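All residue numbers in the sequence shown are consecutive under this note's numbering, ending with 143.
For glycine and all other residues, C-beta sits at the position ideal for the given N, C-alpha and C.
On a predicted model such as this, the values are computed, not experimentally measured, just so you know.
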Amino acid sequence: MLRTHTCGELRKAHEGKEVILCGWVKRIRDHGEIVFVDLWDRYGITQVVFGPEKKEVKRKAKELGLEWVVRVKGRVRRRPEGQENPDLPTGEVEVEAYEIEVLNRSEVPPFVVVDDVKAGEELRLRYRYLDLRRPTMLRNFEI
């Protein structure tokens with residue numbers, strides 16, 4: 001099975017469940033013993049945690065690049081108190097990963113795929129396959 005859930009659907013009700021997510025690496029935060037990865041797809045963002053218990057998996061997470069496509073298997077847990085993110089629908093939970101597979105590597109993108117992109121129109125047109133992945137552009141195509 002490629003995935004069990006999308007990155008935007010996990011909530012408190014999924015706590016304790018094993019999930020498989022696929023998506024693009026949006027952000028990586030390496031805090032030494034723990035690595036946080038924001039994984040995103042067209043449905044949303046989920047924070048994935050790579051802890052010290054799974055050294056090999058954490059090592060792989062440290063080698064990830066932005067916009068790489070990965071498949072992560074792990075267990076949903078509540079974020080520690082005070083670390084919730086009210087700006088995200090998935091902000092009350094995170095996935096504690098115990099498997100990771102790189103499905104596709106990416107070169108460093110010419111601009112970050114976000115709504116407030118600081119790229120000119122010419123650059124966005126040249127790399128329109130990236131520009132079309134911005135949340136604003138995706139919403140334009142939804143029915």
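Apply the 10 Å Cβ neighbour rule to residue i and answer buried if 16 or more other Cβ atoms are within range, or exposed otherwise.
i     : result
Lys58 : buried
Asp41 : buried
Ile34 : exposed
Gln47 : buried
Phe50 : buried
From the DSSP output, which residues share a beta bridge with residue i?
i     : result
Thr46 : Leu39
Lys73 : Ile20 and Glu99
Arg3  : Beta-bridge pairing links Arg3 to no other residue.
When you compare only the Cα positions, how much space is there between residue i and residue j?
i      : j      : result
Pro89  : Ala13  : 13 Å
Glu67  : Glu107 : 8 Å
Thr6   : Leu21  : 6 Å
Lys26  : Arg105 : 13 Å
Leu39  : Glu94  : 10 Å
Tyr98  : Gly16  : 14 Å
Pro86  : Glu92  : 7 Å
Arg134 : Ala119 : 12 Å
Measure the beta-carbon distance from residue i to residue j and round it to whole angstroms, keeping in mind my assumption that it falls under 8 Å.
i      : j     : result
Leu103 : Arg71 : 6 Å
Let me check you understand the geometry: is the CB of residue i closer than 7 Å to at least one non-hydrogen atom of the ligand ADP?
i      : result
Arg126 : Here there are no bound small molecules, and the ligand ADP is not part of this structure.
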